[in-house]
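Comments concern the structure below.
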Amino acid sequence: MPGPAPSPAADFDPKYWVAGTRVRTPRFLHAMIRVSSFDAALRFYVTGLGMQVVERFELEAKRVSSLFIGFGDHPEGGLIELIHSWDADTAGAIGTGSGHVAIGVPDVPAVVARVEALGAEVTVRPTPYFAGGPLIAFVKDLDGHAVELVQSWKE
Amino acid sequence: MSQASATIKASTNNWVWGADATRPRFLHTMIRVRDFDASLRFYVDGLGMKVLDRFDIEARRVTAFFIGFGGYEDGGCLELTHLWDVDAYTHGTGYGHIAIGVPDLPGALAKLEAMGVEVTQRPVKYFADAPHLAFVKDPDGYSVELIQTRKG
């Protein structure tokens, strides 16, 4: 099963704002969702999924705090930005257009068990996406945002 | 409409999303869209993403495009889903945006504007030592943030 995480590429170029290996061409940086509580969000994403807090910003002009979280200590491969309003403990309304974020994990059943123990709702139990395909599951974070878990490691 | 190429790679220990199979990682974010042609004009012709895969899932009456700047192993992808029987979606207020890093923000904005894309936030710095960023709307009205990656 999984070995240690590879160390991040140390190729930060001070001519660029974003560290990582793909800074000279357009790249995906993050997806942003609003959360009602950083504590609850961090329980799910950090304790449950194993993400780390990368940066925190206080945006006085917009009266929001912003937490960037991701896997590894550099932003290669996509971060999630969690926004919390200073004036309302709400994640806002969840529409039907925005679907989910997907996280690849080596062991879907283990992660589902861990986030379920933290109080997250499991909406699709681990199931092969197609015959012979990877296991997938869907869970909701503690604000109801859908998160897909996709098995990245073949047995 | 762009033709998706199947990029399933043979590997013993990991699925197509590649080299980081042994540790958790961000794979993609999914949004539902009304019109693939319009979406691909924006994300492929406008932003320079490539189509990685197209799946037509008859049983669920849904088509999904996976698009990204590299392959599945190169970072976050976007999944565009279209339900065959649904023509409109609500966006809610809880989902914010996706952010794309670009080396040349003014150039990227000019290109998108020439295609008729709505710019909702002109380039701005949120604080002194920060990159310029801007916001545009994709054809469905989803917010896309563009962040300057190159300094100076």
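Protein chains in written order, with my numbering: chain A, 1 to 155; chain B, 1001 to 1152.
Glycine included, every Cβ here is placed at the ideal spot set by N, Cα and C.
Burial state of residue i (16 or more Cβ within 10 Å)
{"i": "isoleucine 1057 (chain B)", "result": "exposed"}
{"i": "proline 1139 (chain B)", "result": "buried"}
{"i": "aspartate 107 (chain A)", "result": "buried"}
{"i": "proline 128 (chain A)", "result": "exposed"}
{"i": "aspartate 89 (chain A)", "result": "exposed"}
{"i": "phenylalanine 1127 (chain B)", "result": "exposed"}
{"i": "alanine 1115 (chain B)", "result": "One detail in the question is off: residue 1115 (chain B) reads as methionine in this sequence, not alanine. That one is exposed."}
{"i": "tryptophan 153 (chain A)", "result": "buried"}
{"i": "phenylalanine 202 (chain A)", "result": "The shown model of chain A, from 1 to 155, leaves out residue 202 (chain A), and the question about it has no answer."}
{"i": "phenylalanine 130 (chain A)", "result": "exposed"}
{"i": "threonine 1029 (chain B)", "result": "buried"}
{"i": "arginine 1060 (chain B)", "result": "exposed"}
{"i": "arginine 63 (chain A)", "result": "exposed"}
{"i": "proline 1106 (chain B)", "result": "exposed"}
{"i": "threonine 1120 (chain B)", "result": "exposed"}
{"i": "isoleucine 35 (chain A)", "result": "Note that residue 35 (chain A) corresponds to valine in the displayed sequence, not to isoleucine. So valine 35 (chain A) counts as buried."}
{"i": "glutamine 52 (chain A)", "result": "exposed"}
{"i": "arginine 56 (chain A)", "result": "exposed"}
{"i": "valine 1051 (chain B)", "result": "buried"}
{"i": "glycine 144 (chain A)", "result": "exposed"}
{"i": "alanine 117 (chain A)", "result": "exposed"}
{"i": "threonine 47 (chain A)", "result": "exposed"}
{"i": "leucine 59 (chain A)", "result": "exposed"}
{"i": "aspartate 141 (chain A)", "result": "buried"}
{"i": "glycine 1141 (chain B)", "result": "exposed"}
{"i": "valine 105 (chain A)", "result": "buried"}
Residue i, DSSP secondary structure in three states
{"i": "leucine 1109 (chain B)", "result": "helix"}
{"i": "alanine 61 (chain A)", "result": "helix"}
{"i": "threonine 1081 (chain B)", "result": "strand"}
{"i": "phenylalanine 44 (chain A)", "result": "helix"}
{"i": "glutamate 116 (chain A)", "result": "helix"}
{"i": "alanine 1088 (chain B)", "result": "coil"}
{"i": "phenylalanine 38 (chain A)", "result": "helix"}
{"i": "alanine 1130 (chain B)", "result": "coil"}
Anticipated Cβ contact below 8 Å, residue i with residue j, distance rounded
{"i": "arginine 1032 (chain B)", "j": "tyrosine 1089 (chain B)", "result": "5 Å"}
{"i": "leucine 82 (chain A)", "j": "leucine 67 (chain A)", "result": "5 Å"}
{"i": "valine 101 (chain A)", "j": "phenylalanine 44 (chain A)", "result": "Actually they are not in contact, since the Cβ atoms of valine 101 (chain A) and phenylalanine 44 (chain A) sit about 12 Å apart, beyond 8 Å."}
{"i": "leucine 79 (chain A)", "j": "isoleucine 1147 (chain B)", "result": "Not confirmed; about 12 Å, so no contact."}
{"i": "histidine 1091 (chain B)", "j": "serine 98 (chain A)", "result": "6 Å"}
{"i": "valine 1062 (chain B)", "j": "leucine 1083 (chain B)", "result": "5 Å"}
{"i": "phenylalanine 71 (chain A)", "j": "arginine 1034 (chain B)", "result": "That belief does not hold up - the Cβ atoms of phenylalanine 71 (chain A) and arginine 1034 (chain B) are roughly 32 Å apart, past 8 Å."}
{"i": "leucine 1047 (chain B)", "j": "proline 26 (chain A)", "result": "6 Å"}
CB contact check: residue i to chain D, cutoff 8 Å
{"i": "alanine 1099 (chain B)", "result": "The question asks about chain D, but that chain is absent: this structure's protein chains are A and B."}
Taking only runs that begin and end inside the stretch 1026–1079 of chain B, name each unbroken alpha helix (DSSP H) of 4 or more residues, in chain order.
Counting only runs of 4 or more, we get 1036–1040.
If contact means a Cβ-Cβ distance below 9 Å, which residues of the stretch 1036–1050 of chain B contact chain A?
If you check each beta-carbon in the stretch 1036–1050 of chain B against every beta-carbon of chain A, the ones closer than 9 Å belong to Leu1047, Gly1048, Met1049.
In chain order, what residues of the stretch 32–54 of chain A put their CB closer than 7 Å to some CB of chain B?
For the stretch 32–54 of chain A, which is checked against every Cβ of chain B, the residues closer than 7 Å are Met32, Ile33, Arg34, Leu49, Gly50.
Quick one, which residues of the stretch 1064–1076 of chain B are near chain A if we go by CB-CB under 8 Å, in chain order?
Taking 8 Å as the cut-off between beta carbons, the residues of the stretch 1064–1076 of chain B near chain A are Gly1068, Phe1069, Gly1070, Asp1074, Gly1075, Gly1076, in sequence order.
To be precise: take each residue of the stretch 1094–1119 of chain B, compare its Cβ to all Cβ atoms of chain A, and keep it if any distance is under 7 Å. Which residues remain?
Listed by position, the residues of the stretch 1094–1119 of chain B near chain A (Cβ gap below 7 Å) are Gly1094, Tyr1095, Gly1096, His1097, Ile1098, Ala1099, Ile1100, Gly1101, Val1102, Pro1103.
Please give me, in chain order, every unbroken run of the beta strand (DSSP E) with length at least 3 that falls completely inside the stretch 67–154 of chain A.
Within the stretch 67–154 of chain A, the complete beta strand (DSSP E) runs of at least 3 residues are 79–85, 98–105, 121–128, 135–140, 146–151.
Contact list for the stretch 79–100 of chain A against chain B, Cβ threshold 9 Å
Cβ contacts with chain B come from Leu79, Ile80, Glu81, Ile83, Thr90, Ala91, Gly92, Ala93, Ile94, Gly95, Thr96, Gly97, Ser98, Gly99, His100.
Give the residues from the stretch 103–122 of chain A that approach chain B closer than 8 Å (Cβ to any Cβ), ordered along the chain.
Cβ contacts with chain B: Ile103, Gly104, Val105, Pro106, Val111.
Quick one, which residues of the stretch 1023–1037 of chain B are near chain A if we go by CB-CB under 7 Å, in chain order?
Under the 7 Å Cβ criterion, the stretch 1023–1037 of chain B contributes Arg1023, Pro1024, Arg1025, Phe1026, Leu1027, His1028, Thr1029, Met1030, Ile1031, Arg1032.
Quick one: which residues of the stretch 120–141 of chain A get their C-beta closer than 7 Å to a C-beta of chain B? List them in chain order.
Listed by position along the chain: Pro134.
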